[in-house]
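A.B. asks:
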Amino acid sequence: MKQRSWGDAIFKNITLFFSLSIFVLTAWIGWELYKNSHLSMQKFGFSFLWSQVWDPVQEQYGALPFVFGTLVSSFLAIAIALPLGLGVAIFLYELAPPKIGNVIAFLTELLAAIPSVVYGLIGVFVLVPIMRKAGAPYGVGMLTASIVLAVMILPFIATISREIFKTVPQTLKESAMALGATRWEVLKLITIPFSFSGILGSVFLALGRALGETMAVTMVIGNRPEIKWSLFEPGYTMAAVIANEFTEATSDLYVQTLIQVGLVLFGITIIVNGIARLLIYKVSQKGEVVA
1 MKQRSWGDAI
11 FKNITLFFSL
21 SIFVLTAWIG
31 WELYKNSHLS
41 MQKFGFSFLW
51 SQVWDPVQEQ
61 YGALPFVFGT
71 LVSSFLAIAI
81 ALPLGLGVAI
91 FLYELAPPKI
101 GNVIAFLTEL
111 LAAIPSVVYG
121 LIGVFVLVPI
131 MRKAGAPYGV
141 GMLTASIVLA
151 VMILPFIATI
161 SREIFKTVPQ
171 TLKESAMALG
181 ATRWEVLKLI
191 TIPFSFSGIL
201 GSVFLALGRA
211 LGETMAVTMV
221 IGNRPEIKWS
231 LFEPGYTMAA
241 VIANEFTEAT
251 SDLYVQTLIQ
261 VGLVLFGITI
271 IVNGIARLLI
281 YKVSQKGEVV
291 A
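Heads up: the sequence shown runs through residues 1 to 291, numbered per the working numbering.
Listed below in structure tokens is the structure:
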């Protein structure tokens with residue numbers, strides 16, 4: 001019995017160490033990004049976040065075009081993927097026969113396993129020509145990148161929303177149907193309101209994925225450091241500028257400016273994913289209390 005207690009204690013401490021190492025690793029990454037971008041911070045300060053000039057020749061840098069491109073492409077992708085992903089989740093949970101539902105669920109999850117460079121190639125050879133025929137001047141641009149991102153994040157919204165729907169207590173649904181509610185009314189009045197926080201959490205997780213996407217977006221967004229309000233115009237993202245220009249950076253200031261862009265992206269991603277985890281935890285606890 002004593003040996004078993006020692007074994008349990010050792011196992012607990014080892015797993016606790018592994019868990020705490022995640023915090024240490026995250027803090028270490030943030031510190032390294034901060035430490036290696038001090039030249040850029042000293043020269044540009046907070047104006048780096050709202051300056052639109054990106055001129056490596058004159059060593060004048062501003063991150064606003066990249067922040068703008070990242071946020072616009074990501075939120076537009078969410079606007080496209082949310083109704084599609086939610087529709088898939090509702091169909092799989094409420095309407096699909098088990099055999100068909102399992103096949104569709106497998107294919108939906110398979111979309112998340114496709115490498116981003118493959119999405120980029122599909123975007124270049126399939127979507128870009130379609131956008132040109134639709135009247136877009138370049139084919140590449142903000143809307144093209146957003147559509148590619150929407151396809152990439154759709155599995156996150158669909159899969160997580162479906163799992164959240166499963167946390168809805170069956171007694172609530174059966175009670176509503178016993179009172180004469182239709183399947184649509186149960187979905188509208190019971191399932192979706194009960195699962196709202198979880199659905200929102202899936203959206204934030206998908207948003208975090210979209211914010212950090214690099215290769216697929218780089219291949220279809222146009223990579224122009226300008227702020228244009230037309231969705232058909234080329235844009236740029238934080239991840240794309242790091243991927244494109246890091247190997248070409250010839251000065252310490254240039255390198256550290258790109259690292260500072262990475263630091264901004266790192267901070268945004270942590271905040272978004274933290275909110276998502278909190279919301280998913282909230283809905284899971286809600287389901288346990290009601291049950």
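Yeah, the Cβ is synthetic: ideal placement off N, Cα and C, and Gly gets one too.
All figures in this text were calculated on a predicted structure; none of them were measured in a lab.
Return the chain-ordered list of same chain residues with a C-beta closer than 6 Å to the C-beta of I190, the five sequence neighbours on each side being excluded.
C.D. replies: Taking the first residue of the sequence shown as position 1, residue 190 is located at position 190. Only L172, K173, A176 meet the Cβ criterion.
A.B. asks: For Q60, which of helix, strand or coil comes out of DSSP?
C.D. replies: What you label residue 60 is simply residue 60 of the sequence shown in a count that begins at 1. It is a strand residue.
A.B. asks: Who are G222's beta bridge partners in DSSP?
C.D. replies: What you label residue 222 is simply residue 222 of the sequence shown in a count that begins at 1. G222 pairs with G235.
A.B. asks: Classify S251: buried if its beta carbon has 16 or more other beta carbons within 10 angstroms, exposed otherwise.
C.D. replies: Translated into positions along the sequence shown, residue 251 becomes position 251. Counting Cβ neighbours within 10 Å, S251 comes out exposed, since fewer than 16 surround it.
A.B. asks: If you scan the segment 134-209 from start to end, which runs of the alpha helix (DSSP H) of 4 or more residues do you find wholly inside it?
C.D. replies: Here the runs fully enclosed are 142-165, 170-178, 183-186.
A.B. asks: Under 7 Å Cβ to Cβ from T108, same chain only, skipping five residues before and after it: list those, please.
C.D. replies: Residue mapping note: residue 108 aligns to position 108 of the sequence shown, counting from 1. Correct list, in chain order: V88, P155, A158, T159.
A.B. asks: Sort out for me which residues DSSP pairs W54 with in a bridge.
C.D. replies: Here residue 54 refers to the residue found at position 54 when the sequence shown is read from its first residue. The partner list for W54 (beta bridge, DSSP) reads Y61.
A.B. asks: Looking at the unbroken alpha helix (DSSP H) that takes in V117, where does it start and where does it end?
C.D. replies: Locating residue 117 in the sequence shown gives position 117, where the first residue counts as 1. Taken as a continuous stretch (DSSP letters only), the alpha helix (DSSP H) holding V117 covers 116-122.
A.B. asks: Taking the alpha helix (DSSP H) that N102 falls in, what are its first and last residues?
C.D. replies: Position 102 of the sequence shown holds residue 102. Where N102 is concerned, the enclosing alpha helix (DSSP H) stretches over 98-111.
A.B. asks: Take S5 and list the residues in its own chain whose beta-carbon comes closer than 7 Å to its own, dropping the five residues that flank it on each side.
C.D. replies: The residue given as residue 5 occupies position 5 in the sequence shown. Contacts found: none.
A.B. asks: Just verifying my parser: in three-state terms, what is the DSSP assignment at A89?
C.D. replies: Here residue 89 corresponds to residue number 89 of the sequence shown, with the count starting at 1. Of the three classes helix, strand and coil, the one that applies to A89 here is helix, per DSSP.
A.B. asks: Would the beta-carbon of F68 fall within 8 Å of that of I242?
C.D. replies: Taking the sequence shown and counting its residues from 1, the one referred to as residue 68 is at position 68. Taking the sequence shown and counting its residues from 1, the one referred to as residue 242 is at position 242. No, the Cβ-Cβ distance between F68 and I242 is not below 8 Å.
A.B. asks: Under three-state DSSP, which class holds E213?
C.D. replies: The residue labelled residue 213 in the question sits at position 213 within the sequence shown. If DSSP states are grouped into helix, strand and coil, E213 belongs with coil.
A.B. asks: Less than 6 Å between C-beta atoms, sequence neighbours within five positions excluded: which residues of the same chain meet that for V289?
C.D. replies: The residue labelled residue 289 in the question sits at position 289 within the sequence shown. Here V289 scores only 46 on pLDDT, less than 50, and its place in the model should not be relied on; the value that follows carries that caveat. No residues qualify anywhere along the chain.
A.B. asks: Going by DSSP in three states, K35 sits in which element: helix, strand or coil?
C.D. replies: Within the sequence shown, residue 35 is the residue found at index 35, counting from 1. If DSSP states are grouped into helix, strand and coil, K35 belongs with the helices.
A.B. asks: When we look at the beta-carbon of A276 and count the other beta-carbons within 10 Å, is it buried (16 or more) or exposed?
C.D. replies: One-based indexing of the sequence shown puts residue 276 at position 276. Classification for A276: buried.
A.B. asks: Taking a contact to mean a Cβ-Cβ separation below 8 Å, would you say M215 touches V117 in this structure?
C.D. replies: Reading the sequence shown from its first residue, position 215 is the one you call residue 215. Reading the sequence shown from its first residue, position 117 is the one you call residue 117. It is a contact, given that the beta carbons lie within the stated cut-off.
A.B. asks: Expressed to the nearest angstrom, what Euclidean distance is found between the alpha-carbon atoms of L265 and T182?
C.D. replies: Numbered from its first residue, the sequence shown carries residue 265 at position 265. Numbered from its first residue, the sequence shown carries residue 182 at position 182. Each residue's Cα considered, the two are about 45 Å apart.
A.B. asks: With a Cβ-Cβ cutoff of 8 Å, do I221 and S37 count as a contact?
C.D. replies: Start at 1 with the first residue of the sequence shown, and residue 221 comes out as number 221. Start at 1 with the first residue of the sequence shown, and residue 37 comes out as number 37. Contact: no.
A.B. asks: Does DSSP classify K228 as helix, strand or coil?
C.D. replies: For the purposes of this step, residue 228 is identified with residue 228 of the sequence shown, where counting begins at 1. Correct three-state label for K228: coil.
A.B. asks: Near M1, which residues of its chain fall below 8 Å by C-beta distance, leaving aside the five closest residues on each side in sequence?
C.D. replies: Your numbering for residue 1 matches position 1 in the sequence shown. Unreliable placement is indicated for M1, whose pLDDT of 48 sits below 50; no coordinate value is reported for it.
A.B. asks: If we count the other Cβ atoms within 10 Å of its Cβ and call it buried at 16 or more, is E213 buried or exposed?
C.D. replies: Along the sequence shown, one-based indexing puts residue 213 at 213. E213 is buried by the Cβ-count criterion.
A.B. asks: If you measure from the CB of T257, is any heavy atom of the ligand MG nearer than 7 Å?
C.D. replies: Of ligands this structure carries none, so the ligand MG is not represented either.
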